[in-house]
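Numbering (our numbering), first residue to last: -13 to 194. Worksheet: the structure to be examined is printed underneath.
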C-alpha cells in the first residue's frame, strides 16, 4: 500500500466519522441552532436587564437625592433657629440637637450631591443604604432610651408643616424605611444584573 492510498483512506474515514455526521445529522443542526438562539436570547435579556436596572437606579437616586437635599438644608437651618428646645442634649451622643442635626444635615447635602451627579454603578446606592441605615439605627436607639419627643428629621420644616410634629415624625419614619428597603433591594438587583451580564462574556472567553 502506497502512501497516497493510505492518505486517501484516512481522509475518507475522517469524512465518514467526523464531517458527515456534522453536516447530515439534523439533530446536531437543531441543537446548534438552539444553542445559538439561547445565546442570542441571553444576550438580549442581559441588555434589557441592564437598561431596566440603570433606569431604576437613576430614578431611586434622584428621589433619594431630593429627599436628602430638602431635609439636609432644613437641618442646617436649625443652627439659626432661636428655639431653646434645640439646645437639649440628645440621649444617645450627648450633643445638643441643634448641632447634631446640623452635622447630619451637612452629610445629607453631600450625599444628595453624590446621588445626583455620581456615575459609578453602585456607589450612590451604597451611600444611601449606609446613611439611611445609620439614621434608622439612631431612631431605634431613641426608642430604646424611651425618648418621647419627635425626631428632628425634618429640621426647621417641622413647625411649618400643616400637621402635627408626631404626624411628621411618622411620615419621615415611613420615608426612611422605604429608602432603607429600596437601597438594599436595588443593591441586590444591581449585583444580580452585573453577574448576568458578566456570565456570557466569561463563557465566551473560556470558549475562545
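All C-beta atoms, glycine included, are put in the ideal place defined by N, C-alpha and C.
Item: Extent of the continuous alpha helix (DSSP H) run through residue 102; Value: 83 to 103
Item: In DSSP terms, what residue 75 is bridged to; Value: 82
Item: Nearest-angstrom Cβ-Cβ length linking residue 176 and residue 111, presumed shorter than 8 angstroms; Value: 7 angstroms
Item: Given residue 86 as reference, the closest of 38, 97, 62 and 108 once Cα atoms are compared; Value: 62
Item: DSSP three-state assignment for residue 125, whether helix, strand or coil; Value: helix
Item: Selection from 54, 159 and 88 that minimises the alpha carbon distance to residue 73; Value: 88
Item: Rounded C-alpha distance that separates residue 179 from residue 100; Value: 22 angstroms
Item: Residues near residue 82 in its chain [Cβ-Cβ closer than 7 angstroms; skip 5 each side]; Value: 72, 73, 74 and 75
Item: Assumed close pair residue 169, residue 97 - CB separation to whole angstroms, cut-off 8 angstroms; Value: With 8 angstroms as the limit, residue 169 and residue 97 do not qualify as a contact, their Cβ atoms being about 11 angstroms apart.
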